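1 is the number of the first residue of the sequence shown in UniProt numbering; add one for each residue after it. For every residue, glycine included, the Cβ atom is placed at its ideal position computed from N, Cα and C. Because the structure is a prediction, the values reported are computed rather than measured. Following: one structure in C-alpha cells, then a few remarks.
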Amino acid sequence: MPVSPSSNSLGVASPAGDQHPTLTSHRPSGSEDVSDPTAKRTFTLRLPTAGKASPLALVLFAMLGVSAWIETNALFSELWAVAPVLPESWNLASYLVVIIQLGNIAPLVYSYLPKPPLWIAMLIVLLSSGFSMFLACGIWDITANVFGAEHSVGLLVAAFVASMSDCLSNLVFWPYAGAFSSHPGYVAALATGESLSSAASAAVVAIQSACGFNPTVYFAIIGSIVMFCTAGFFMLHFGYSGKAMHDFVREDQTPDTPASSSSASQREHSLFSRESKRFLGFYLLIGWLSFVQNALTPAFLPFAGRAYPSGYRLAQNVLFAFAPVASMGAAWLLGTRYRKNCFVTSAEIGAVILWNIEVFITLYLSYAPPEDLPLAGKSSGTAFFTVITVVGGGTIAFTKAAIMLRLKPYNEEGVLKHAGVCMQIGSLIGAVVCALTANLCKPPDYLTS
C-alpha cells in the first residue's frame, strides 16, 4: 500500500506521521517484488533481525570513524618528516594544536545557521576533509614571514581546513550513529573507527619509511583514504535507506513533518537545561578527556620523547595500533550483558586514573632537567616511554568509547550531540592553555651526546 513519505533527521524517507520508525518486517528484499510486480527494483541492503547488528554496516561505520579525524592524526604522524625542514621545527606541534582548535568556528557556525539534513552535513564534512589533504599536497612546504618570523603558512592553512571538518564531525557523526539503530554496536564501531584513523595514518607512515616517498605523496594517500571512506558512507546511507531508523534525534526542521519535528523537539533538551544535569559528570569527563587527547598530548608528547631514541615515533605507531583494540574492548565490556557489572565499572574507573597519571608523567618528561630524565638516551628508556604513551592513549580510547556507549540509550534527549559539543569545548580550551604554556614556558632542550 503506498504511503506518503516524509523526511527524518538523516534525510531518509519514512511513513508520514510515524514519529518512531521501527523494524516491523525482515523479509528478503525480493519478497516485495513477488507480492507487487509493479514495485521498483532499488539497491538496498538488508539489516539482520532486531537485536542484532549488520556486519557490513559495522564495517561502514568503522570506515566513517576513520575519516573523522584521520587528517589531523596524519598531520601529527608526519611531524617526523616535516618538522626538521620547516622553520618551527618540533615546536610546530604546538602551532598545529592551536590551528586545529580554531576549526571550532565550523561547529559554531553550524549551530546557528539553518541545518541541512544530517547526511548532507556529513557529506560536506567528508568532502572538505579530502580536499584539505589534497590541498596539503601542493602547499605543505610553503613558508612566509609572519610578524617577523618564518612560519609554515602552507601546512597551517591546510591544517585549518582539515580542522573545520574534523571539529564538525563530532557534532554530526555521533548523532547519526546513535540514530541509526537501537543496537549499541554502531556507536562502538564509530568509536573504533576513530581510533583506527590513527592506525591508518601510522600505516601510511610505515610504508613511507620503507619506500622513501615525500610528504606530498603521503598527503595524497591520506586524501584518497578519505575519498574511499566517503564512498562507504554513500553505501551506508543509501544502501540501508530507512531500514534502521527508529530512535533518531531530529536535526533539520522541515515544514513538511510538523508532527515529527514537534515530538523530537520535546524529547531533546538543551545542554544547559535542568534535565541535562544528570549527564553533567559525563560531559565534564569527556571535556577533560578531549583537553588531554586533542591538546595536551599532541603539544607536549614530542617534547617528552626527545630524550629517547626514536621514542616519539615508536610510541605513536604502537599506540595507533593499540587504541582500536581498547575501543573494541569497551564495546565488548559495555554490552547489555555486562553494563552493570562491578568489574566493568572498576575497569572504567581504572582507565580514567591511568590516563590522568600519564598526563603528569608527560609533563614531567617535558619539563624535567635533562640530567634528571630517567633512562635518557637508552633503548630501555625508549621502551619505558613507549609503554607510558600506549597505556595512556589506550585508556583514553577506552574511556571515550565507554562514555559514548553509556550515553547511547539517551540519544533522543540529544546527549550524543551535547557530548560532541563538550569535546570541542574541552579541545579548544586545551589548545589555548597548552599553546601558551609551550611557548611562554618552553621545555628545556635535550642535547644528545
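Annotation: the continuous beta strand (DSSP E) that includes V146 extends over 144 to 146. If you draw a straight line from the Cα of Y186 to the Cα of M63, it comes to about 11 Å. Membership of A149 in the beta strand (DSSP E) is indicated by the continuous run 149 to 151. Rounded to the nearest whole angstrom, the C-alpha separation of F76 and F160 is 14 Å. Distances from the CA of G232 to each of A315, I353, K400, L123 were compared; the closest alpha carbon is that of L123. Secondary structure note for S94: its alpha helix (DSSP H) is the uninterrupted segment 92 to 102. Excluding its 5 nearest sequence neighbours in each direction, Q424 has C-beta neighbours in its own chain below 7 Å: N104, P107, C167, N170, listed in chain order. In this structure, the alpha-carbon of C342 lies about 25 Å from that of G178. Between A83 and E194, the C-beta gap is not smaller than 8 Å, which leaves the two residues out of contact.
Rounded to whole angstroms, L440 and S366 show a C-alpha spacing of 14 Å. Counting along the chain, the unbroken alpha helix (DSSP H) around C342 starts and ends at 342 to 367.
DSSP places E413 in no alpha helix (DSSP H); its state is neither H nor E. Considering only T297, E88, A347, P215, the residue with the shortest C-alpha distance to E150 is E88. Straight across, the Cα-Cα distance linking W119 with P444 is about 47 Å. Following the DSSP letters along the chain, one finds C229 inside the alpha helix (DSSP H) bounded by residues 215 to 239. Assignment of D445 by DSSP, reduced to helix, strand and coil, places it in the coil class. For the pair T230 and M328, the CB atoms are not nearer than the 8 Å cut-off. Of T389, V226, A402, the smallest CA-CA separation from S165 is found for V226. Look at W69 here: in three-state DSSP terms it is helix. Take the alpha-carbon of L416 and the one of S379: they are about 43 Å apart. F322 is a Cβ neighbour of G394, given a cutoff of 8 Å. Within the segment 127 to 191, the complete beta strand (DSSP E) runs of at least 3 residues fall at 144 to 146, 149 to 151. Between S94 and A299, the C-beta gap is smaller than 8 Å, which places the two residues in contact. The Cβ-Cβ distance between L333 and R406 does not fall below 8 Å. Taken through DSSP and simplified to helix, strand or coil, K277 comes out as helix. A straight-line Cα-Cα distance of about 30 Å links N145 and V205. Annotated as proximal: V66 and L196, with beta-carbon spacing under 8 Å. Rounded to whole angstroms, the Cβ separation of I388 and E358 is 6 Å, and the two are in contact under 8 Å. Judged by DSSP in its simplified three-state form, P409 adopts helix. The continuous alpha helix (DSSP H) containing Q316 extends over residues 311 to 333. The DSSP-derived three-state label of G212 is coil. Pairing Y112 with F384, the inter-Cα distance amounts to about 47 Å. Residue environment for T362: buried (at least 16 other C-beta atoms within 10 angstroms of its C-beta). Residue range 79 to 82 is occupied by the alpha helix (DSSP H) that includes A81.
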